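Going down the list, the protein sequences come from chains A and B. Going by full-length UniProt numbering, the letters in the first sequence line up with residues 1 to 203, in that order. Going by full-length UniProt numbering, the letters in the second sequence line up with residues 1 to 203, in that order. Cβ coordinates follow ideal geometry from the N, Cα and C atoms, glycine included. If you're wondering where the values come from, they're calculated on a predicted model, not measured in any experiment.
Protein chains: 2
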Amino acid sequence: MAQLFVCQGRDEIPRWREAFTEARLIGPEQARAQAVAGDRVWVTSDLEHWSSLVTTLSQRGVILSVLSYAPNSREAFQALGAGARGYAHALSPPELLRQVETVVTHQGIWVWPELLAQVVGGAFRTLGGEAVLQEETLACLTERERAVARAVAEGLSNKAVAKQLEITERTVKAHLGAVFRKLGVRDRMQLILKLSHQEQDVL
Amino acid sequence: MAQLFVCQGRDEIPRWREAFTEARLIGPEQARAQAVAGDRVWVTSDLEHWSSLVTTLSQRGVILSVLSYAPNSREAFQALGAGARGYAHALSPPELLRQVETVVTHQGIWVWPELLAQVVGGAFRTLGGEAVLQEETLACLTERERAVARAVAEGLSNKAVAKQLEITERTVKAHLGAVFRKLGVRDRMQLILKLSHQEQDVL
DNA sequence: CTCGGTATTGGACCGATGGACAGGGTGACA
DNA sequence: TGTCACCCTGTCCATCGGTCCAATACCGAG
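Shown next, in the form of structure tokens:
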């Protein structure tokens, strides 16, 4: 049950040593040769062919976490698709790395908080999420709130929505606030992302 | 930080008591009224409107896990989409429930092992298709502008993008301004629609 | 008839956003 | 060496967006 950090060796590693004092640093080739089932292996996404390394080791039963210096949802999915259980920022503080380690060793998935919503949402849309999303997203909205949400989802500004619906911009804000609260989104961008993956006939 | 099991009250609960001796059993209405941020709440998927209950509580900061007597991938996606962090069999042994609890309290996601591959695998396929097409659209952009555009297209704010790319918020604005000019869009909303639209075209 | 939900609007506040000015630093190329 | 593109940063400012505090009116359920 070794704790291994895979790196090219050129950069000095930030705080991994602080998080896991007993961890060992090895290169990609050593990782392929030495890692066995049960080992916790950390891979940085700036490595060449990190994805195939993750795939290989995960099939062997190794518990993998990917660390990225520039986390994004696309890379997160690539990591999870390759079999990684964790995806975090490479410069995460030691206590967060230990948290990731706790999760992945207990059969869990740990994703960088800023991307968690997108990862979960993307996974949800993948399989039959449409029907459920319709109920969840639209049932709780009133007629007027739906109209505002539809306009905003087309990229219109509050002023444009107000002109289109022949109401005050202030009223648009009121309805929009209710939409945000009911749909659990923070702002209009989250709303666009949530609605843009649905069919138009729903609205 | 209460440990709460939501149930209709009629059935006797299998082994939850064994797993968490200090846990309390409450009904859905009590859960909506009492649960606060930080609480670990367990919901069974045989409840009426369990999905909306999960949505409501998760937005409140409650840590939710869904227990199903007949786990399936569709329900798993529904649970995760509603904001649940855990999805397991309702008859899971106590040690497994405690494992789920460990994972979700550490910001992790725990999914029934038999469904895990489908969750991450399926999600990766869809997102992979989107990523390829974005590259074509953003061909006229520089590397940095692409990174900013990608992040913004995921709904991040300027500040969040700045933190992710480890640059100043001002620099994000500069790149973003160039992106707007090159792609002929007025604001970030138009950018999101432009990018997400092309994803759907190819899909 | 009261109570609650919906629709509408107002004002004020403050953070986020985008544009317009201004630079400095690097590396490639003629 | 000069030029150019790219990357990074700064200040100022007008506007937009989102939330808080209200208020008025309609309408159906109890």
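Check	Outcome
Grouping DSSP H, G and I as helix and E and B as strand, with all else coil, what is B/GLN3?	strand
Taking Cβ-Cβ distances shorter than 9 Å, what residues in chain A pair up with B/ALA90?	None at all; the shortest Cβ gap to chain A is about 17 Å.
Is B/LEU67 helix, strand or coil when you go by DSSP?	strand
Put B/TRP112 into one of helix, strand or coil per three-state DSSP.	coil
Which stretch, first to last residue, makes up the beta strand (DSSP E) that contains B/ARG60?	From DSSP, B/ARG60 is part of no beta strand (DSSP E); its letter is neither H nor E.
Would you say A/MET189 reaches chain B, if we count a Cβ-Cβ gap shorter than 8 Å as a contact?	yes
When we look at the beta-carbon of B/HIS106 and count the other beta-carbons within 10 Å, is it buried (16 or more) or exposed?	buried
Go through its chain and collect everything with a Cβ distance to A/ALA160's Cβ below 8 Å, but skip five positions before and after it.	ALA151
Give me, in chain order, the residues of the same chain whose beta-carbon lies closer than 7 Å to that of A/ALA82; leave out the 5 immediate sequence neighbours on both sides.	SER51, VAL54, THR55 and SER58
So B/ALA23 and B/LEU4 are supposed to be a Cβ contact under 8 Å. How far apart are they, rounded?	7 Å
If you drop the 5 nearest sequence neighbours on each side, which residues of the same chain put their C-beta closer than 6 Å to that of A/LEU97?	ALA19
At a Cβ cut of 7 Å, what residues of the stretch 32-49 of chain A count as close to chain B, listed as they run along the chain?	none
Can you say whether B/MET1 is buried or exposed, counting buried as having 16 or more other CB atoms within 10 angstroms of its CB?	exposed
If contact means a Cβ-Cβ distance below 7 Å, which residues of the stretch 96-107 of chain B contact chain A?	GLN99, THR102, VAL103, HIS106 and GLN107
Output, in chain order, the set of chain A residues within a Cβ distance shorter than 9 Å of B/THR145.	First, the residue type needs correcting, since residue 145 of chain B is Glu and not Thr in the sequence shown. Ordered by position in chain A, no residue passes the 9 Å Cβ test against B/GLU145, which lies about 14 Å from the chain.
Can a CB atom of chain B be found closer than 8 Å to the CB of A/GLY184?	yes
Roughly how many angstroms lie between the CA atoms of A/THR168 and A/ASN158, to the nearest whole one?	9 Å
If you draw a straight line from the C-alpha of A/ILE109 to the C-alpha of A/SER92, how long is it?	17 Å
Can A/LEU193 and A/VAL179 be called in contact, C-beta distance under 8 Å?	no
Which residue's Cα is closest to the Cα of A/ARG60: A/THR21, A/ALA37 and A/TRP112?	A/ALA37
Quick one: what does DSSP say A/GLY129 is sitting in, helix, strand or coil?	Reliability of the predicted coordinates at A/GLY129 is poor, the pLDDT of 45 falling under 50, and the value obtained from them is presented with this limitation in mind. A/GLY129 falls in the helix class under three-state DSSP.
Please report the distance separating the alpha-carbon of B/GLU48 from that of A/LEU47.	48 Å
Applying the 10 Å Cβ sphere with the 16-neighbour rule, what's the burial state of B/GLY177?	exposed
Please check if any C-beta of chain A sits within less than 8 Å of the C-beta of B/THR55.	yes
B/TRP42 bridges to which residues according to DSSP?	B/PHE5 and B/SER65
Do B/ALA90 and B/SER68 have their C-beta atoms within less than 8 Å of each other?	yes
How is A/GLY81 classed by DSSP in three states: helix, strand or coil?	helix
Near A/GLU154, which residues of its chain fall below 8 Å by C-beta distance, leaving aside the five closest residues on each side in sequence?	none
Which residues in the same chain as B/PRO28 place their Cβ atom closer than 7 Å to its Cβ, once the five residues preceding and following it in sequence are excluded?	VAL6, LEU47 and LEU53
Of the residues A/GLY86, A/LEU141, A/PRO94 and A/TRP112, which one's Cα is nearest the Cα of A/VAL43?	A/GLY86
Let's see if you can read the secondary structure: which residues bound the beta strand (DSSP E) around A/ILE192?	Not the beta strand (DSSP E): A/ILE192 falls in the alpha helix (DSSP H), residues 188-195.
Among all the DSSP beta bridges, which residues are the ones paired with A/ILE167?	Note: A/ILE167 sits in no beta bridge, so no partner.
Between the C-alpha atoms of A/HIS175 and A/GLU145, what's the straight-line distance to the nearest angstrom?	5 Å
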